[in-house]
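Have a look at the structure below, then the notes.
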Amino acid sequence: MTQFSAWNVIKNGFNGQKGWSRQWRDPEPKANYDIVIVGGGLHGLATAYYLAKNFHLKNIAVVEKGWIGGGNAGRNTTIIRSNYMLKGNREFYEASLTLWENLSHELNYNVMFSQRAHIGLYHTPNALDAAARRYNIMRQTGSDGEIWSRNTIKKKIPHLNFADDARFPIHGALVQKRAGTARHDAVAWGYARAADMLGVDIIQQCEVTSIKRSAQKISSLHTSRGEITANKVAFAVAGNTSRLWQMAELGNLPIESHKLQAFVTEPIKPLLDHVVVFGVAGAHFYISQSDKGGMVFGGDIDWYKSYAQKGNLPIVQDVAECALSLMPCLGRVKLLRHWSGVVDMSMDGSFFMCKTPLDNLYLNAGWNYGGFEASPASGWYFADLIANDRPDKVIQNHDLDRFRRGVHIDERGAGSDPKLHG
Amino acid sequence: MIQISCPFCGKRDHSEFSYGGDGQINYPPLDASEDTWHDAVFLRENIYGRQIETWQHLYGCRSWLLVERDTRTHEIFSVKLAHSDWQKLMEENR
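The listed protein sequences correspond, in order, to chains A and B.
Counting from 1, position 190 in the first sequence corresponds to residue 585 in the working numbering; the numbering is continuous, with no gaps.
Counting from 1, position 86 in the second sequence corresponds to residue 126 in the working numbering; the numbering is continuous, with no gaps.
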C-alpha cells in the first residue's frame with residue numbers, strides 16, 4: 396500500500412500517477428476468523444481498525460451486506476460535536492472528539508475534519524440559562540464552550556434572520572469551537588484502508604442471512620458468500636439491529652428503527668462558516684456548508700417506524716420552512732439531493748455498547764442522531780470491549796439492562812418514546 | 041407521501057395524521073411484576089414487514105386508527121377505528 400505523503404504526491408506527479416495501489420484488498424471470505432464484525436459502516440470499520448491497532452489482533456473480518464460507506468456512513472449531515480452532558484455520554488463523546496482531532500494523521504488519510512464551531516442558537520433568556528448549565532458541565536469536564544451574545548452572532552454569521560419580526564428572535568448561542576464537520580466518505584475509506592493495512596479482511600456484498608447458535612454461543616454465520624465461523628461475533632448494524640438480534644433468537648430490543656433524512660442544495664459561493672443549529676418550539680434544524688459549496692442540512696426523523704431508506708415529503712417541507720425562517724437568503728437556492736438513512740432510535744436516546752446474553756456476541760447499536768460523531772470512540776471502546784471481554788468504565792451503563800436498573804441516559808428528558816429523542 | 045384512508049374522512053395525506061406507535065402492545069395489569077412491565081414499556085419487536093400501528097387523524101376527525109402498514113415499503117393494507125365498538129358500529133351501518 397502506498398502511503399500518502401508530500402513526497403509520494405510529487406513523485407507520482409512525475410510518473411503519471413502510476414505508483415498508487417488499490418486502497419484496500421477485496422478478499423474472499425475465509426471459513427474461520429477469530430473475530431467477525433457484522434456491519435461495514437463507520438463503527439464496524441473503526442472497531443476492526445482499533446482491534447488490530449490497539450490490541451494487535453489478527454484474523455479479523457468485517458462483513459458488509461452492501462458496500463462500505465453505502466449505509467448511514469454516507470447518509471448523515473457529517474456534524475461532529477461533543478456537547479453531551481450526562482455521565483457516560485460526556486466522557487465518551489469527548490474521547491471521540493479528541494480522536495477526531497488527530498484522525499487524518501492516525502489513518503494517513505485526509506478525512507477533511509474541519510473544526511468550524513458548532514453554534515447552538517437560543518431564543519429566550521431562560522433557554523440560554525438552561526444551556527449555560529450544559530456548557531458549564533462541559534467546561535468542567537475537559538471540553539470547551541462559549542456563550543455568544545446576539546451581537547457577536549450578528550458579526551460572525553450575518554446571514555441569519557435578525558429581523559425584528561422574526562417569530563423566534565435570536566437571543567444568544569452556545570458555541571463549541573472544537574466541533575465541526577468531516578467528509579463522511581473519507582472516514583469510511585480511511586478506516587477501511589488503515590484496517591486493511593493491518594490485515595483485516597473487509598468483505599463487501601456479504602449479507603448475514605441466518606445465524607446458527609447453541610444455548611450460550613453463536614457457532615456460525617450463514618452469509619450470502621458462504622458459512623463463516625468465528626470465536627467472537629460483533630454486531631454493528633445500526634438500523635437493522637433488531638433484525639439481526641431476532642435472527643439470533645434473542646427476542647426484543649429497546650430500539651425502534653426510524654428514518655432520518657438529510658439534504659444538500661446546489662453549490663453556492665462561501666456563505667456559512669459554521670455549523671448552525673436551530674431548535675425551538677418543535678423546530679429542529681441543523682445546517683452547514685460543504686467544501687464543494689452545497690448547503691447540507693437536516694431536521695427531525697420522519698416520525699413513524701420504517702426500514703425504507705426513503706424519506707417522505709412532510710419532513711422536506713418542515714425542514715425547508717426551518718431553513719427559510721433561519722436563513723431567508725436561501726429562498727431561491729435549489730435542493731439538489733435528499734436521502735434517508737435508517738437509524739436505531741433507543742428508549743432514552745443513548746447508545747448500547749455491551750456484552751449480550753450470548754458469551755461470544757457483542758452489541759454496538761442505538762445511535763439515534765449521534766452516530767457519525769461517535770465513530771472513532773465507538774470503534775475504540777467497542778474494540779476494548781471485544782478484546783478484553785468487559786466494558787470500560789466509560790460505557791459501563793450503556794448496556795441493554797440499564798432500564799431495568801432505572802438508569803436512563805436521557806439527554807433530552809423525553810422518556811421512553813424513541814421517536815422523541817431528537 | 042403515505043396516504044391513509046380514514047373511515048370517516050376518506051383518503052388523506054399522512055401529514056394530517058399523528059403517529060402513535062405500536063398498536064399491538066398489550067400493557068399488563070397494574071400489579072404485574074416489574075419484569076413484565078419492563079418488557080412492555082421498554083422492549084419493541086421492531087417489525088421488519090407488516091405491522092399494526094396507531095395513527096390519529098389529528099387534523100381531521102381526530103379518531104384514533106389501527107393501521108396495518110409494511111415498514112419496508114410503507115404500503116398500507118387496512119385501516120380500522122382503534123375503538124372496537126365504534127369499528128363494529130361502522131361495519132354494521134356500512
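Cβ atoms here follow ideal geometry from the backbone N, Cα and C, with glycine treated the same way.
Here the region 48-56 of chain B makes contact with the region 92-99 of chain B; the two share three or more CB pairs at distances below 8 Å. With contacts defined by Cβ atoms closer than 8 Å, residue 769 of chain A and residue 762 of chain A form a contacting pair. By the neighbour-count definition (other C-beta atoms within 10 Å, threshold 16), residue 724 of chain A is an exposed residue. Residue 568 of chain A: member of the beta strand (DSSP E) spanning 567-571, first to last residue. Distance between residue 445 of chain A and residue 734 of chain A, taken at the CA atoms: about 30 Å.
Residue pairing of residue 120 of chain B in beta bridges, as defined by DSSP: B:106. Within the region 642-663 of chain A, contact with chain B at the beta-carbon level (separation under 8 Å) is assigned to 646, 647, 648, 649, 650, 651 and 652. Using a CB distance cut-off of 8 Å, residue 507 of chain A does not count as an interface residue toward chain B. Against chain B, the CB of residue 492 of chain A has no partner CB under 8 Å away; the residue lies outside that interface. Contiguous alpha helix (DSSP H) elements confined to the region 636-688 of chain A occur at 636-642, taking only those with 4 or more residues. Residue 709 of chain A belongs to the set of residues whose beta carbon lies under 8 Å from a beta carbon in chain B.
Going by DSSP, residue 427 of chain A is part of no alpha helix (DSSP H) but of the beta strand (DSSP E) stretching over 427-433. In the three-state reduction of the DSSP assignment, residue 540 of chain A falls in the coil class. By the 16-neighbour rule on beta-carbons within 10 angstroms, residue 559 of chain A is exposed. Against chain A, the CB of residue 84 of chain B has a partner CB under 8 Å away; the residue lies at that interface. Inter-segment contact for the region 664-680 of chain A and the region 740-755 of chain A is absent: fewer than three beta-carbon pairs are separated by less than 8 Å. With respect to residue 499 of chain A, residue 508 of chain A sits close: the two C-beta atoms are nearer than 8 Å. If you compare the alpha carbons of A:458, A:513, A:788 and A:472 with that of residue 767 of chain A, the shortest gap goes to A:472.
Between residue 65 of chain B and residue 707 of chain A, the gap from beta carbon to beta carbon reaches 8 Å or more.
Annotated as proximal: residue 81 of chain B and residue 811 of chain A, with beta-carbon spacing under 8 Å.
DSSP places residue 489 of chain A in the helix class (H, G or I) of the three-state scheme. Classified as exposed, residue 564 of chain A has fewer than 16 neighbouring CB atoms from the shown chains inside 10 Å of its CB. For the 8 Å CB-CB criterion, residue 591 of chain A and residue 598 of chain A do not form a contact. As computed with DSSP, residue 62 of chain B is found in a beta bridge with B:93. Judged by DSSP in its simplified three-state form, residue 768 of chain A adopts helix. Not flagged as an interface residue toward chain A: residue 102 of chain B, since no C-beta distance is shorter than 8 Å. With respect to the 8 Å criterion, residue 626 of chain A and residue 430 of chain A are classified as neighbours on the basis of their beta carbons. For residue 799 of chain A, the chain B residues whose Cβ falls inside 7 Å of its Cβ are 78, in order along the chain.
Contact check for residue 111 of chain B and residue 700 of chain A: beta-carbon distance about 6 Å, within the 8 Å limit, so the pair qualifies. At the C-beta level, residue 479 of chain A and residue 454 of chain A stay beyond 8 Å of one another.
The C-beta separation of residue 773 of chain A from residue 759 of chain A comes to about 6 Å, placing the pair in contact by the 8 Å criterion. Within the same chain, and ignoring the five residues on either side of residue 624 of chain A in sequence, the residues whose Cβ sits closer than 6 Å to its Cβ are 427 and 615. For the 8 Å CB-CB criterion, residue 574 of chain A and residue 732 of chain A do not form a contact. At least one CB atom of chain A sits nearer than 8 Å to the CB of residue 114 of chain B. Under the three-state reduction of DSSP, residue 591 of chain A is assigned to helix. Scanning its chain for C-beta atoms nearer than 8 Å, with the 5 sequence neighbours on each side dropped, one finds around residue 418 of chain A the residues 396, 584, 587, 588 and 591, in chain order.
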